[in-house]
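Student: Count the sequence shown with mature numbering (1 follows the signal peptide of the UniProt record, and there is no 0) and you get residues -23 to -1, 1 to 302, in order.
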Amino acid sequence: MASLHPLIAAALVVAAASTAAAAASWAAPSSPARPLFREYIGAEGKNVTFADVPVHPGVDFHFILSFAIDYAANATNASAPPVPTDGRFAVFWDEANLTPAAVAALKCPSSRARVALSLGGDTVFGANATFRASSVDAWVGNAVASLAAILTRYGLDGVDVDYEHFGERETPEVFAECVGRLVRALRARGVISFASIAPFANPDVQAHYAELWRRYGRDFDYVNFQFYAYPSNTTVPEFLAHYDEQSALYAGAGGGGKVLVSFGTDPASGGLRPGKGFFRACRELRRQGRLHGIFVWAADNSAADGFRDERLAQTFLAGNAPGFP
């Protein structure tokens, strides 16, 4: 991350230096609390690169590589469903475009962009990416080793947890211990500096993530709640009520309830969208001092319209969009 420009008496010198830095890196002088914008990228294989995605100089930007998954193709039957690998993670994002070199180029010294990877996701090879663990100790050991290697090779900053399906034996308690111990171990190794979870309003999903939050909430910085999983006819009052509900669930003993609002740009996404009242809801949350950031699913789907909604959202976060719907 870029360091703060010191305040010095020679204001003209500071102004000139700031202008030059912004022109060279498209990064403005930082402040202690910049708005946070996050975006998932790489899951759809649509050849979208980091450079394609607009990054506003007034926000902190997290790219989230989608996904690292502990599944593999069936070695004996190519047409059979993939098999779980008990915490041995492999890269399933667009490796051809989102490479270690691309991450390094993005994270130049003057850049405020950071990059995380997301675990799990919805499906793998057309089957559910179900969370499976032979035992807590075995899964954690495999996961720490495999993910530390990936995080180091790519020079990444954090992890996001997006498991959406769970086996019968993988109870909320098992899931919480596996994922909580994993994140704690990765922090102890110094290979991540932030972590998030990505639940949505499904009883089984919420049971697993609520238990994880109860036990290990202090080890997580953000909740990427999938508000786009709500119905597409969601109204502004309903959205705000959903936000209140989820903020109450992911607060207290956890990391302070930093629930981020969200929208999806793929045709299947529901929830409250830009142009339908999303920014009106965000303005109300900002007025209350509770707008912790915005995230989007996903860059792969947004490229077709030139990342219109991402541009709007970042401009809004930077404080330049009072009239947005």
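No residue lacks a Cβ here, since even glycine has one placed at the ideal position from N, Cα and C.
For residue 107, list the residues DSSP reports as bridge partners.
Tutor: Beta-bridge pairing links residue 107 to 142.
Student: For the beta strand (DSSP E) containing residue 45, name the first residue and the last one.
Tutor: Segment 37 to 46, the beta strand (DSSP E) holding residue 45.
Student: Going residue by residue through the stretch 232 to 273, where are the continuous beta strand (DSSP E) segments of at least 3 residues, counting only ones entirely within it?
Tutor: The stretch 232 to 273 contains these whole beta strand (DSSP E) runs: 236 to 241.
Student: How should residue 112 be labelled, buried or exposed, when 16 other C-beta atoms within 10 angstroms of its C-beta is the threshold for buried?
Tutor: Flag for residue 112 reads exposed.
Student: Would you check if the distance between the CB atom of residue 110 and the CB atom of residue 150 is smaller than 7 Å?
Tutor: Going by C-beta atoms, residue 110 is not nearer than 7 Å to residue 150.
Student: Sorted by chain position, which residues of the same chain lie with C-beta nearer than 8 Å to residue 218's C-beta, five sequence neighbours on each side aside?
Tutor: Contacts found: none.
Student: Which residue from 81, 221, 87, 168 puts its Cα closest to that of residue 265?
Tutor: That would be 221, whose Cα lies nearest to the Cα of residue 265.
Student: Check whether the stretch 134 to 146 and the stretch 238 to 249 touch, using three or more Cβ-Cβ pairs below 8 Å as the test.
Tutor: Touching, no, given that fewer than three Cβ pairs across the two stretches are closer than 8 Å.
Student: Just to confirm, are residue 15 and residue 272 a CB contact at a threshold of 7 Å?
Tutor: Yes, they are a contact pair.
Student: Quick test of your reading: residue 47 and residue 61, contact by CB under 8 Å. State the CB separation rounded to the nearest angstrom.
Tutor: Contact holds; Cβ gap of about 6 Å.
Student: Under a Cβ-count criterion, where at least 16 other Cβ atoms within 10 Å of its own Cβ denotes burial, should residue 303 be classed as buried or exposed?
Tutor: In the structure as shown, the chain begins at -23 and stops at 302. Residue 303 is therefore absent and cannot be evaluated.
Student: Considering only residues of the same chain and omitting the five flanking positions on each side of residue 122, which have a CB-CB separation below 6 Å?
Tutor: Correct list: empty, nothing qualifies.
Student: Going by C-alpha distance, which of 107, 283, 94 is nearest residue 128?
Tutor: With distances taken between Cα atoms, residue 128 lies closest to 94.
Student: What do you get for residue 4, buried or exposed, if any count of 16 or more other CB atoms within 10 angstroms of its CB means buried?
Tutor: At residue 4 the pLDDT is 38, less than 50, meaning the model places this residue with poor confidence; the figure from the coordinates comes in the next sentence. Counting Cβ neighbours within 10 Å, residue 4 comes out buried, since at least 16 surround it.
Student: Return the first residue and the last residue of the alpha helix (DSSP H) that residue 128 is part of.
Tutor: From DSSP, the alpha helix (DSSP H) with residue 128 extends over 113 to 131.
Student: Out of 140, 294, 85, 30, state which residue places its alpha-carbon closest to the alpha-carbon of residue 45.
Tutor: The candidate whose alpha carbon is nearest that of residue 45 is 140.
Student: Give the secondary structure of residue 173 by DSSP, where H, G and I count as helix, E and B as strand, and everything else as coil.
Tutor: Here residue 173 sits in strand by DSSP.
Student: Please identify the residue among 21, 20, 39 whose C-alpha is closest to the C-alpha of residue 237.
Tutor: Residue 237 has its Cα closest to that of 39, out of 21, 20, 39.
Student: Kindly give me the distance between the Cβ atoms of residue 303 and residue 173, rounded to whole angstroms, as I take these residues to be in contact under 8 Å.
Tutor: Outside the displayed span of the chain (-23 to 302) sits residue 303, for which this structure offers no information.
Student: Taking only the alpha-carbon atoms, compute the straight-line gap between residue 235 and residue 108 and give it to the nearest angstrom.
Tutor: Looking at the two C-alpha atoms, the distance is approximately 25 Å.
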